[in-house]
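Worksheet: the structure to be examined is printed underneath.
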Amino acid sequence: MKLIILFAVIVIIQQTSCDESERIVGGDIATHGQFKYQVSLESYGEHICGGSIISPIHIVTAAHCVNDDFYTNGMVVVTGTISPTLYGGEKHNIKCIRIHPSYTGEKEGGWKHDIAVITLNKPIKINNIQGPIPLASKDYINGGKRGIISGWGKTSINSPSSSMLKWLSVNVLSQERCLHGHKNPRTSENHICTLEKVGQGACQGDSGGPLVVDNELVGVVSWVLPCALGVSDVYTNIYKYLDFIKESQLIC
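Those letters in the sequence shown? Residues -18 to -1, 1 to 234, by mature numbering (1 follows the signal peptide of the UniProt record, and there is no 0).
Encoded structure:
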């Protein structure tokens, strides 16, 4: 998966399309069918980002994962596997991609509205190893909940991407802590943050992947300070974008 990683006090900022993907640091290896909604976005045979199945033909991911034609022209969505490298998986061609119209990229303070919806050419066959996850039914502004993140990103900043899907239980922060946790780029009310402890968190290659609370998709991995350094990881808050997602499902 691809993930925006903000290097030491934001000296260097890497963005998704050209960047390596983020990976789970300090997590456990998933079992087959444990995260049926998890997908890998592959470009020219290489994993670059994660995503989540929300209907038989729709995937939610981060905008920064799909905003470069070079990568999307060679992109497929891989479902039903914990290791595309070792076990393969079902590959699905993309019909169209809708990036949030207000997505900023690096401009205007950095990666606002970092969300996109992918529509597939043909429906995914729903079974015990691949299927959709419900979207967030509430906003977790008070925090205090446990969430689950998953992905094929790096397990440390200097490691390669993981060949196996990994997952980690994380603490969802209150909106107040999320808003005050980052100065450059700044977080907003459209973000949700998690923080477990030093040595546990998202890393490069986890971008676009899911944050799940109570079996609902509540966040999309957007950016992190690499990797698992004790600074909160930042996600696009799904609850704030329900209208965009529903509209995209109708348009594309």
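We put the CB at the ideal spot given by N, CA and C, even for glycine. Computed from a predicted structure; not experimentally measured.
task: Would you kindly report the start and end of the unbroken beta strand (DSSP E) that includes aspartate 121?
output: Note, aspartate 121: premise wrong, no beta strand (DSSP E); not H, not E.
query: Taking the C-alpha atoms as reference points, what is the distance between isoleucine 39 and isoleucine 115?
result: 12 Å
- prompt: valine 200 and isoleucine 220 look like a contact to me (Cβ under 8 Å); what is the Cβ gap, rounded to whole Å?
  reply: 5 Å
query: Can you tell me whether DSSP reads aspartate 96 as helix, strand or coil?
result: coil
message: Buried or exposed for residue 320, going by 16 or more other Cβ atoms inside 10 Å?
response: No information on residue 320 is available, as it lies outside the stretch -18 to 234 that the chain covers here.
query: How long is the line joining the alpha carbons of glutamate 229 and isoleucine 35, rounded to whole angstroms?
result: 16 Å
query: Roughly how many angstroms separate the alpha carbons of aspartate 225 and leucine 232, rounded to a whole number?
result: 11 Å
- request: Use the C-beta contact count for arginine 80: other C-beta atoms within 10 angstroms, 16 or more gives buried, fewer gives exposed.
  value: buried
- prompt: With C-beta atoms as the reference, is glycine 32 less than 9 Å away from glutamine 20?
  reply: yes
- request: Output the distance between the C-alpha atoms of glycine 62 and glutamate 24, rounded to the nearest integer angstrom.
  value: 14 Å
query: Which two residues bound the contiguous alpha helix (DSSP H) that contains aspartate 225?
result: 224 to 233
message: Tell me the DSSP secondary structure of arginine 66 in three-state form.
response: The identity of residue 66 in the sequence shown is proline, whereas the question assumes arginine. Helix at proline 66.
query: Around the C-beta of valine 58, are 16 or more other C-beta atoms found within 10 angstroms, so that it is buried, or is it exposed?
result: buried
- request: Rounded to whole angstroms, what's the CA-CA distance from isoleucine 227 to cysteine 175? Just pull it up for me.
  value: 20 Å
- prompt: If you draw a straight line from the alpha carbon of arginine 159 to that of serine 143, how long is it in whole angstroms?
  reply: 30 Å
- request: Leaving aside the five residues before and after cysteine 234 along the sequence, list all residues of the same chain whose C-beta is less than 6 Å from its C-beta, in chain order.
  value: Cys78, Arg80 and Thr101
- prompt: For asparagine 197, which residues from the same chain have a beta carbon less than 8 Å from its beta carbon, with the 5 sequence-adjacent residues on both sides left out?
  reply: Ile115 and Pro116
query: Can you give the beta carbon distance from isoleucine 97 to threonine 218, rounded, assuming they're within the 8 Å contact cut?
result: 5 Å
Which residues DSSP lists as bridging methionine 57, in chain order: Ser25
message: Assuming valine 99 and glycine 129 are in contact, meaning their beta carbons sit under 8 Å apart, how far apart are those beta carbons, in whole angstroms?
response: About 21 Å; that fails the 8 Å criterion.
Three-way DSSP call (helix, strand, coil) for aspartate 10 in this model: strand
message: Taking the alpha helix (DSSP H) that arginine 159 belongs to, which residues open and close that run?
response: 157 to 162
message: Only counting the same chain, and skipping five residues up and downstream in sequence, which positions put a Cβ closer than 7 Å to that of threonine 169?
response: Cys160, Leu161, Gly163, Cys175 and Val216
query: Could you check where the beta strand (DSSP E) with arginine 168 kicks off and where it finishes?
result: Segment: none, arginine 168 is in no beta strand (DSSP E) and carries neither H nor E.
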